[in-house]
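Numbering (my numbering), first residue to last: 846 to 908.
What follows is a short report on a single structure.
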């Protein structure tokens, strides 16, 4: 119930949502257009949030 804003950082190649490098989850939501700062409520709705991060090549690195 606490209002918050979260910065979801992704490697962004094009900055326009065309390349797909910054997309999250299966929704394909491009963080370069939607974010990178989103509400905490939106962050909690992302399946990937808090589970892992990606390296420069896009490989999943578990926390």
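Cβ coordinates follow ideal geometry from the N, Cα and C atoms, glycine included.
All values reported here derive from a predicted model rather than from experimental measurement.
Going straight from the alpha carbon of residue i to that of residue j, what length do you get?
i	j	result
residue 876	residue 868	6 Å
residue 861	residue 878	7 Å
residue 880	residue 904	21 Å
residue 856	residue 902	9 Å
With a CB to CB cut of under 6 Å and the five nearest residues on each side skipped, what residues in its chain are close to residue i?
i	result
residue 858	864 and 866
Which residue or residues does DSSP assign as beta-bridge partners of residue i?
i	result
residue 852	882
residue 897	907
So which of the options has the shortest CA-CA distance to residue i?
i	options	result
residue 892	882, 874, 900 and 850	874
residue 908	895, 900 and 901	895
residue 898	886, 884 and 870	870
Taking 7 Å as the cut-off, decide whether the C-beta atoms of residue i and residue j are in contact.
i	j	result
residue 882	residue 849	no
Below 7 Å CB to CB, which residues in the same chain sit around residue i once its five sequence neighbours on both sides are set aside?
i	result
residue 888	851, 853 and 894
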